[in-house]
Amino acid sequence: MKNRILPVIAGLAAISANAAAQDEAVAQDGAYIRLGAGATFVSDWEQDFTYSPYGPYGFDVPPTGQMLDISKGLTAAAAIGFDYADGIRTELEYRYAKSDVDLVTPIGGFSESSGPLAPYDPDAEIKAHFLMTNFFFDFANSSPLTPFIGGGVGGAFVSNENAERDAALAYQGRAGVSLEMGTGFTADFEYIYLRTNELEFGPSADEFTAEGPFGRAATGDRYQSSSVMVSLRRRF
-5 MKNRILPVIA GLAAISANAA AQDEAVAQDG AYIRLGAGAT FVSDWEQDFT YSPYGPYGFD
55 VPPTGQMLDI SKGLTAAAAI GFDYADGIRT ELEYRYAKSD VDLVTPIGGF SESSGPLAPY
115 DPDAEIKAHF LMTNFFFDFA NSSPLTPFIG GGVGGAFVSN ENAERDAALA YQGRAGVSLE
175 MGTGFTADFE YIYLRTNELE FGPSADEFTA EGPFGRAATG DRYQSSSVMV SLRRRF
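Residues -5 to 230, numbered by our numbering, are exactly what the sequence shown covers, in order.
Below, the structure is given as structure tokens:
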């Protein structure tokens, strides 16, 4: 009987040791890099216009604002992070997003030659660069799939349909699932909601003077997007 029990005990001990070694390997912390790409859906913009009181506008009545119909676009990201092996990850991320503007609808406005201003296709894009600091909580389990949630805060640099630029505070929420692929690679599938503070394009109202600048300022909306992204993480 003793001869039969000892091999069983030895086998169980070997299995336990192997499992402990695997758990220890999984639990090790370390740095990683991440590359990702996906689709982004930017909310339409409704903007108000403020004009320079010194600029001549002839006999035309300029619009008081506009609506931008923005189509789906593409987004790509690169990040460097650190996995603390206790369910927490932090990272620094750069992300770029680009979406087409399908239609611009002026609000109000009148042209002496053509009458009320009509909607038009600007053949233009909304472009955005984001630099974000992110944190994640991983819900580890016995399967290769690990759900996670996260968030981040940082800066957004947005270019509108006229190539005017503005910078604003940006913040985001994220949720997804990771697939362990072995040899240090992990695939992430996630949803990202991002929002900025209100954007202002063109000179601000207090910058208008008789010497210039002339034109108009566009205010009243912010960059909001929902994105789905697939990323590949490589751990070191």
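All C-beta atoms in this analysis are idealised placements derived from N, C-alpha and C, irrespective of residue type, glycine included.
- In this structure, the alpha-carbon of K92 lies about 17 Å from that of F195.
- Counting C-beta atoms within 10 angstroms of its own C-beta, D182 has 16 or more neighbours from the protein chains shown and is therefore classed as buried.
- Taking 8 Å as the cut-off, the beta carbon of Q166 is found no closer than this to the beta carbon of I101.
- Sequence-distant Cβ neighbours of V171 in its own chain, meaning closer than 6 Å and more than five residues away, are L139, P141, F183.
- Of all alpha-carbon atoms in E192, T84, Y26, the one lying nearest the alpha-carbon of F131 is that of T84.
- Of all alpha-carbon atoms in G109, P197, S153, N128, the one lying nearest the alpha-carbon of D77 is that of N128.
- Between A79 and D23, the alpha-carbon positions lie close to 5 Å from each other.
- Per the C-alpha coordinates, the member of N156, G145, F124 positioned closest to L163 is F124.
- Per DSSP, reduced to three states, the secondary structure at L111 is coil, with no helix or strand assignment.
- Taking C-beta separations shorter than 6 Å and ignoring five residues to either side along the sequence, the partners of D215 in its chain run W39, E40, Q41, following chain order.
- The Cβ-Cβ distance between G75 and D94 does not fall below 8 Å.
- If you look at T99, you'll find it in the beta strand (DSSP E) that goes 82 to 101.
- Nearest to S37 by C-alpha distance, out of Y88, R189, A71, is R189.
- The beta strand (DSSP E) runs lying completely inside the region 139 to 163 and spanning 3 residues or more are 139 to 153, given in chain order.
- Per DSSP, the beta bridge partners of G170 are F142, E184.
- The continuous beta strand (DSSP E) containing T213 extends over residues 210 to 229.
- Bridge pairing for S105: G109 [DSSP].
- The three-state secondary structure of F133, taken from DSSP, is coil.
- Counting along the chain, the unbroken beta strand (DSSP E) around S65 starts and ends at 59 to 77.
- When rounded, the separation of the alpha-carbon atoms in N191 and G146 is 14 Å.
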